[in-house]
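The listed protein sequences correspond, in order, to chains A and B.
If you use this note's numbering, the first sequence corresponds to residues 1 to 425, in order.
If you use this note's numbering, the second sequence corresponds to residues 1001 to 1425, in order.
There are 2 protein chains.
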Amino acid sequence: MDNILVLHGNILFSKNSKELSIHKDSYLVSINGLIDAIYNEIPPHLKDYVYKDYGDRIIIPGMTDLHIHAPQYAFQGIGMDLELLDWLNTYTFPEESKYSSLTYAQKAYTNFVERLRKSTTTRACIFATIHEDSTLLLMDMLEKSNLSTLVGKVNMDRNSPDSLREESASIAFSNTEKFILNVLDKNYKNTKAILTPRFIPSCSDELMTKLQSLKDKYDLCVQSHLSENPSEIAWVQELCPWSSFYGDAYDKFNMFGRNTKTIMAHCVYSPSIEIERMKENGVFIAHCPESNINLSSGIAPIRTFLDKDMHIGLGSDVAAGTTLNLFKAIAYAIQASKIRWRLQDSSLNPLTVAEGFYLATKGGGEFFGKVGSFEQGYESDILVLDDTRINHSELQDLEKRLERMIYLADEREVFAKYVKGTQLF
Amino acid sequence: MDNILVLHGNILFSKNSKELSIHKDSYLVSINGLIDAIYNEIPPHLKDYVYKDYGDRIIIPGMTDLHIHAPQYAFQGIGMDLELLDWLNTYTFPEESKYSSLTYAQKAYTNFVERLRKSTTTRACIFATIHEDSTLLLMDMLEKSNLSTLVGKVNMDRNSPDSLREESASIAFSNTEKFILNVLDKNYKNTKAILTPRFIPSCSDELMTKLQSLKDKYDLCVQSHLSENPSEIAWVQELCPWSSFYGDAYDKFNMFGRNTKTIMAHCVYSPSIEIERMKENGVFIAHCPESNINLSSGIAPIRTFLDKDMHIGLGSDVAAGTTLNLFKAIAYAIQASKIRWRLQDSSLNPLTVAEGFYLATKGGGEFFGKVGSFEQGYESDILVLDDTRINHSELQDLEKRLERMIYLADEREVFAKYVKGTQLF
């Protein structure tokens, strides 16, 4: 028998980045975990199904966090006074080292997963640490949460402290393969491994070569960092003098799109040649505006990426970003684009509300397939939002209510949540 | 008999902008509404007083919001797609017009005051609207809340819609005097009137002349807007060709510091000559970073103001800012300073956590006198913060716990609040 879900409320979603589709007082129908249609009234063939009446609440697609570091959640909001490379050495690497302890990981990841479960996020691409056991523990918890995630055991074999470095490329390779096999063995429904070389400065050419073979053998997606900070970019040029540009250092190992589904976080300083390569290769960009501000990195030219119809979504980038809340990521994306327009390049217009919303839903969701929209056939990731706490009683306009939520809402407004048609709460 | 208050907890405050004073596990003593001292242990002469034990919670001075528009609270988080002048005409003026209705004002201001009461704010300088009755209503509510505030009936007699313009300078004058007399008559303890010409574009020279006489007659403070947006500044130059610069147009009417306590909001584009005049005249600057980003105005050179030892505090500037939460204003101030450093002027270093905290407490508090610190003789504005929700159990360092609150805390973390020694909750 079909698993049919009928939800009543005010429905908003994006078909494209330019405009919102708005269905006031309507019925969203999901069949077997996929969106079927939106109706003004319950159609005769569904009249026997008891629908869930969410009244005047707002129903939107689940959001995708394209870039987040689970082990950094425990220190979010601390140590925001340094730029990227110093920040990594001073705060991040020591914290991530702690995840060699399963006891520590158990405690910290429990908190992380519980908060993520309650947030607006339904899909996430997650960096763990180099530690296989604690990464598997994290994946067990994520699977239990019913969120849909891609999780990477991080690889790093150079330029990292002893406590957070894989001993050699060979050991990294064998541990990572063991990890992948363990994950396959678990047979998770909603949790998958993603290949995660931290970034070029942490990964030797030898390691990258070996990871490429793993990627091909197990048909993995890839996530990493790109062109976030000027010092980082200069360093990559020193480390890989054979590369034409930073992204080219990934592309040499076929970890930069083409037949490999790839997310690159940041892309603040990508030169035209890098942008063109990303476009050509279909690389997904995880735009992390709050992180890029907190680490004084700069602001990515998101308007350029949108104009070129590239694949873009948003990343919270916790802990360089301070919140899991993707509404806030939308707000920061809009705010960052305004300041960039004013201070850096007035030819690139600021993002609109519709564009910001699109990035957090369909834009990032596309990395997972048909995700992040309510068009027919999309997976039924659904958020029901109750804006009573922040609403103004005279405010009727649904687009304005959505805009207000972007600036003011947090997990308190998430009233109900579905991933692939399964209700989490 | 003396009114003695002894609070136990972890105490943090600023004596200056450079460093935090930190007293772990200590006792804050207030006598008759003024800070007496901080002790490591309860001294013998106070041993008979039952102290309030806030345990491991954090105790900081109350925060001052130097710039907020009460009537705009109802539409915070909406209409963020325009620059200042279009934003005023499209969203703000129509909304403020509604406050001619006492019924509307009653409803909207009740919500505003209740939210402000629960926030981290203990002192605020507030713009109301041109309407005397609803402004008095607001002041009644604020007085009842026990917050300490300065509230302005706004003056505007030109370049405003009919529904939000005083008919003539003379009528504005007589209505404003009537308003001031009414306020005096109310004999409020914590609520005072502040002269509030909206900004030069809304106020004719004739009105400004008349307001000056009111200011002198009733010895009022002044609040207004300054150098927020390039189009606004050009307009002021057209309207007041006799002024040397924007601030000079206030100074001509003696509403720019000297013997008149004055707050000017924004100062994003103040030329050197204006900065020098503000410094010379002791004008307070209300730095409103989120507002300046949301309206694509730009970023004020806050480092310059700090280096010159000028008077500076923070403003939420609701509704161009989207939150009353001054922790967020600190975060935005730090973030804005980083982006300004990166994109505009690398000679001006970003703000530190200590500096941001100082601005929200002692920096802005100084407009009210000895307010915003726990030095002896300061008025006892006190916040007790419970960071259980956002804390990480291994985090002991108090400065880090404060930093985390700057980025993550909201009204949920305000556990207890005192203004001038009176407990609000």
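Backbone N, C-alpha and C fix where the C-beta goes; we use that ideal spot for every residue, glycine too.
Keep in mind the model is a prediction, meaning the values are calculated, not measured.
On the premise that residue j lies in contact with residue i, defined as a C-beta separation below 8 angstroms, what is that separation, rounded to the nearest angstrom?
i                  : j                  : result
Leu1195 of chain B : Leu1181 of chain B : With a Cβ gap of about 14 angstroms, Leu1195 of chain B and Leu1181 of chain B do not count as contacting.
Ile38 of chain A   : Gly377 of chain A  : Actually they do not touch by this definition, with Cβ atoms about 13 angstroms apart.
Phe415 of chain A  : Leu385 of chain A  : 6 angstroms
Lys1178 of chain B : Glu1132 of chain B : 6 angstroms
Phe1127 of chain B : Ala1070 of chain B : 7 angstroms
Tyr1109 of chain B : Met1156 of chain B : In fact, because the Cβ distance is near 19 angstroms, the residues do not count as touching under 8 angstroms.
Lys336 of chain A  : Pro301 of chain A  : Rather than Lys, the amino acid found at residue 336 of chain A in this sequence is Ala. 10 angstroms between Cβ atoms; not a contact.
Ser1017 of chain B : Glu1232 of chain B : Contact doesn't hold; Cβ gap of about 29 angstroms is too wide.
Ile273 of chain A  : Leu239 of chain A  : Contact flag wrong, Cβ pair sits at about 19 angstroms.
Arg158 of chain A  : Ser204 of chain A  : 5 angstroms
His67 of chain A   : Ala265 of chain A  : 4 angstroms
Ala1504 of chain B : Glu1206 of chain B : Because chain B here runs from 1001 to 1425, residue 1504 of chain B falls outside it and cannot be looked at.
Run through chain B and tell me which residues come within less than 7 angstroms of residue i, C-beta to C-beta.
i                 : result
Arg342 of chain A : Ser1296, Gly1298
Thr225 of chain A : In the sequence under discussion, the amino acid at residue 225 of chain A is His, which differs from the Thr named in the question. Within 7 angstroms Cβ-Cβ: nothing; His225 of chain A doesn't reach chain B, min ~18 angstroms.
Under 7 angstroms between beta-carbons, which chain A residues line up against residue i? List them in chain order, please.
i                  : result
Ile1293 of chain B : Gln335, Lys338, Ile339
Ile1078 of chain B : Lys400, Glu403, Arg404
Answer yes or no: do residue i and residue j have a C-beta to C-beta separation smaller than 7 angstroms?
i                  : j                  : result
His287 of chain A  : Ile312 of chain A  : yes
Asp1002 of chain B : Asn1032 of chain B : yes
Ile1285 of chain B : Phe1305 of chain B : yes
Met63 of chain A   : Thr121 of chain A  : yes
Gly1315 of chain B : Asn1281 of chain B : no
Ser119 of chain A  : Leu343 of chain A  : no
Gln76 of chain A   : Ala319 of chain A  : yes
Ser148 of chain A  : Asn190 of chain A  : yes
Tyr27 of chain A   : His45 of chain A   : no
Ile1011 of chain B : Ile1059 of chain B : yes
Ala172 of chain A  : Val183 of chain A  : no
Leu1164 of chain B : Ser1224 of chain B : no
Asn229 of chain A  : Leu84 of chain A   : yes
Lys338 of chain A  : Met310 of chain A  : no
Lys1328 of chain B : Leu1383 of chain B : no
Ala1124 of chain B : Asp1065 of chain B : yes
Gly372 of chain A  : Thr361 of chain A  : yes
Ile78 of chain A   : Arg1404 of chain B : yes
Arg1401 of chain B : Leu1395 of chain B : yes
Tyr1407 of chain B : Thr90 of chain A   : no
Val1154 of chain B : Thr1129 of chain B : yes
Determine the chain A residues that contact residue i at a beta-carbon separation under 9 angstroms, and present them in chain order.
i                  : result
Leu1408 of chain B : Gln76, Gly77, Thr322, Thr323
His1069 of chain B : Ordered by position in chain A, no residue passes the 9 angstroms Cβ test against His1069 of chain B, which lies about 15 angstroms from the chain.
Thr1352 of chain B : Asp81
Quick one: which chain B residues come within Cβ less than 8 angstroms of residue i?
i                 : result
Thr129 of chain A : In chain order: nothing, as chain B lies at least about 16 angstroms away.
Just to confirm the assignment: which complete beta strand (DSSP E) runs, minimum length 3, are found wholly within the stretch 195-233 of chain A? Counting only unbroken stretches of 3 or more residues, the beta strand (DSSP E) elements lying wholly within the stretch 195-233 of chain A are 222-226, in sequence order.
The stretch 1245-1271 of chain B: which residues have C-beta closer than 7 angstroms to a C-beta of chain A, in chain order? If the cut-off is 7 angstroms between Cβ atoms, the stretch 1245-1271 of chain B has nothing near chain A.
In chain order, each alpha helix (DSSP H) run of at least 4 residues that lies wholly inside the stretch 136-193 of chain A: Listed in chain order, the alpha helix (DSSP H) runs fully inside the stretch 136-193 of chain A are 169-186, counting runs of at least 4 residues.
Any chance you could list the alpha helix (DSSP H) runs of at least 4 consecutive residues sitting entirely within the stretch 82-146 of chain A, in chain order? 84-87, 93-97, 102-118, 132-145
If you measure beta-carbon to beta-carbon, which residues of the stretch 366-396 of chain A are closer than 9 angstroms to chain B? Ile390, His392, Ser393, Glu394, Leu395
Complete runs of the beta strand (DSSP E) confined to the stretch 1241-1302 of chain B [at least 3 residues]: 1262-1266, 1284-1287
Uninterrupted beta strand (DSSP E) stretches inside the stretch 1379-1416 of chain B (no shorter than 3 residues): 1382-1385
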